[in-house]
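Worksheet: one structure, shown below.
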Amino acid sequence: MFETMQFTEILKMLLPIIIIEFALKVYCLINLFKNDANHLPKWAWALIITFVNVFGPVGYLIMGKRRY
Numbered sequence: 001m002f003e004t005m006q007f008t009e010i011l012k013m014l015l016p017i018i019i020i021e022f023a024l025k026v027y028c029l030i031n032l033f034k035n036d037a038n039h040l041p042k043w044a045w046a047l048i049i050t051f052v053n054v055f056g057p058v059g060y061l062i063m064g065k066r067r068y
């Protein structure tokens with residue numbers, strides 16, 4: 001009935017999501033080290049951004065990024 005998906009097919013589907021997540025992490029880390037952060041020290045935000053997949057960078061943008 002259903003054919004098993006090849007690794008390359010799965011990778012083709014997931015590659016845009018992986019690239020977007022990586023770019024979001026890079027943007028947040030650059031922003032973090034250029035500016036001050038709210039609520040937590042910079043090292044804690046860096047760990048959260050790096051290790052908590054999508055929710056880390058989004059959480060930083062919502063709560064940790066200092067608004068001027």
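All letters in the sequence shown, in the order written, are residues 1 to 68 by full-length UniProt numbering. Cβ atoms here follow ideal geometry from the backbone N, Cα and C, with glycine treated the same way.
Contact under 8 Å by Cβ, residue i with residue j
i: Gly64; j: Ala37; result: yes
i: Ile49; j: Gly56; result: yes
i: Val54; j: Glu21; result: yes
Whole-angstrom distance between residue j and residue i, CA atom to CA atom
i: His39; j: Gly59; result: 11 Å
i: Tyr27; j: Phe33; result: 10 Å
i: Leu11; j: Leu47; result: 27 Å
i: Asn31; j: Ala44; result: 14 Å
i: Leu29; j: Gln6; result: 34 Å
i: Asn35; j: Lys25; result: 15 Å
Neighbourhood of residue i by C-beta, 7 Å cutoff - its chain only, sequence neighbours within 5 removed
i: Ile19; result: none
i: Thr8; result: none
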